[in-house]
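J.: Heads up, the sequence shown is in the numbering used here, so the first residue is 460 and it goes up one at a time.
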Amino acid sequence: MTRQTAPTPALTVPFIDLAVHDPALKAKLLEAADRVLSHGQFILGPEVKKFEEDFAAYTGTTYAVGIGNGTDSLTLTMKGLGIGPGDEVITAANSFLASASSVIFAGARPVLVDMLDDCTIDPVRVEAAVTPHTKAIIPVHLMGQPADMDAILAIAEKHGLYVIEDAAQAAGAKIGDRRVGSLGTAGSFSFHPLKTLNACGDAGMVTTNDRKLYEYLLLARTHGLKDRDDCVFWSPNSRLDALQAAFLGVKLPYLDQWNAARRAHAAFYQTCLADVVEVARETPGTFNVFYMFVIQTDRRDDLQRFLRERGIESAVHYPTPIHLKRAAKDLGYKRGDFPVTERWSDRILSIPATQWHSKDQCAYVADTVREFFSKES
Ligand SMILES: Cc1ncc(COP(=O)(O)O)c(C=O)c1O
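1) Starting from the N-terminal end, write out each residue whose C-beta falls within a distance shorter than 6 Å of any non-hydrogen atom of ligand 1.
2) Taking L714 as the reference, which of V748, L732, V738, F692 has the closest Cα?
3) Exposed or buried, which one is P798 when buried takes at least 16 other CB atoms within 10 Å?
4) Do you know offhand how far A492's Cα is from V583's?
5) Does DSSP put M608 in a helix, a strand or coil?
6) Hey, which unbroken runs of the alpha helix (DSSP H) at 4 residues or more fall wholly within the region 615 to 667?
7) Tell me, to the nearest whole angstrom, how far the beta carbon of T655 is from that of I623; I am working on the premise that it is less than 8 Å.
8) Just curious, the alpha helix (DSSP H) that Q755 is in, first and last residue?
9) Based on the DSSP output, what are the partners of A523 in its beta bridges?
10) Do you know how far the Cα of A787 is from the Cα of N696?
11) Going by the DSSP bridge assignment, what does R698 pair with across the sheet?
12) V495 to P505, Cα distance in whole Å?
13) Once the 5 residues before and after Y777 are set aside, which same chain residues still bring their CB inside 7 Å of it?
14) Could you check where the beta strand (DSSP E) with I475 kicks off and where it finishes?
15) Relative to the alpha-carbon of V567, which residue among K538, L677, M574 has its alpha-carbon at the smallest distance?
16) Are D700 and G660 close, meaning C-beta to C-beta below 8 Å?
17) Excluding the five sequence neighbours on either side, which residues of its own chain have a C-beta within less than 7 Å of the C-beta of N691, listed in chain order?
18) Closer than 8 Å by C-beta to A705: which residues in its own chain qualify, once you throw out the five before and the five after it? Chain order, please.
19) Using only CA atoms, which one of T579, I502, E741, R698 lies nearest to I611?
20) In terms of residues, what are the limits of the alpha helix (DSSP H) holding L489?
21) Three or more C-beta pairs under 8 Å: does that hold for the region 733 to 748 against the region 765 to 773?
22) Straight-line CA distance for D734 to L620?
23) Would you give the residue range spanned by the beta strand (DSSP E) that E547 belongs to?
24) Quick one: is D573 buried, meaning 16 or more other Cβ sit within 10 Å of its Cβ, or exposed?
25) Suppose the cutoff is 7 Å on Cβ atoms and the five residues either side in sequence are ignored; what does the same chain contact list for A626 look like?
26) Just to confirm, is the Cβ distance from V472 to L676 under 8 Å?
27) Please classify L684: does DSSP put it in a helix, a strand, or coil?
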């Protein structure tokens, strides 16, 4: 019996390649590093301040505060809004776990709700989950797709709730001409290396127009210290690192062009794959930055294997929804509680579609996906 082997790949396509290959960008990053090494202000200082100003201007908010990562930026924002023990915060079951774990770190209880077909939180279910204990809603602009902020803000106003946008996956995304991070009480960003605006390590940011929250965060990120000795409240150390701020300052001017490249890959995949798989779409009225390009099929695992054998890496974001993670046992949820999220988790596959991928690579991915379905059918 002859065993069938996968053909030698025509191309190899990594899911993501974080090394800096653009010589002009690399030169600017090295110049920024050199500047920081020369002035020696490694903690906060001019690099952090300048990037905060630039990012606030970019998102269209009055203030931005650099934080150590996107999880702490959510947690500290909640603490700054007075959210803590006994309070509930509503967020998405189908997010990265930090949308919920940050609520726990703030001392409150995450209340999860199911998603819409565009992978963002379902406002009808959000409203159904409001109780007298609810203090805030954390809509997640998942995969770069902005959540339905009009509906969420209306619910928040009706029930007197804060809205903290989890914009970790969506720097540069918009609703109309307004950028995410400027729509709620505060916006929380991650600049983890995988993100649309990515540091060379961990980094985060809170954007807000609320002066009181801004002033709280300036202290909260640095031990609650007002000056070297005056500790006003207990707080962790979670400052945006000066080197990362310098790198991010170099990268911010590229963000729109990088997002445009992701959108072009998304448009290409939408055109040539929609008849074989469900493809991610942009909800009308929004500007999706396609942090990940997600396709859906019942044959996800077989397709992923087929792609891998042909040199194409793909990933699942996320195979286990938050309510089914081991750590979530205490929250009391069970399989079946969020059917849309659970079905989504079983069927999704993120395929290569970053600004670093070439058109040829995406064409090879698309051809290979089509080949899988032509063989299987
Ligand atoms: C939706 C979402 N929220 C929060 C975070 C947390 O960000 P960080 O990894 O910077 O703590 C991430 C990123 O990993 C994320 O994707």
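In this text, a Cβ means the ideal position worked out from N, Cα and C, and glycines have one as well.
T.: Taking the geometry as given:
1) N528, G529, T530, S554, F555, A557, S558, V599, D625, A627, Q628, S649, H651, D661, G663
2) V748
3) exposed
4) 48 Å
5) Helix at M608.
6) Listed in chain order, nothing qualifies, since the region 615 to 667 has no complete alpha helix (DSSP H) run of 4 or more residues.
7) Contact flag wrong, Cβ pair sits at about 19 Å.
8) Run containing Q755: none in the alpha helix (DSSP H); it sits in the beta strand (DSSP E), 752 to 755.
9) T666
10) The straight-line gap from Cα to Cα measures roughly 26 Å.
11) Beta-bridge pairing links R698 to I526.
12) Computed Cα separation, rounded: 9 Å.
13) F555, S804
14) It is not in any beta strand (DSSP E) - I475 carries neither H nor E in the DSSP assignment.
15) Sequence inspection shows Ala at residue 567; the Val mentioned does not correspond to that position. Ranking K538, L677, M574 by Cα distance to A567 puts K538 first.
16) yes
17) In the sequence as displayed, the identity of residue 691 is Val instead of Asn. These residues qualify, in order along the chain: L678, G683, K685.
18) A491, A492, R494, V495, E506, F510
19) T579
20) 482 to 498
21) no
22) 42 Å
23) Looking at the DSSP string, the run of the beta strand (DSSP E) that includes E547 is 547 to 551.
24) buried
25) H600, V639, G640, G646, S647, F648
26) no
27) strand
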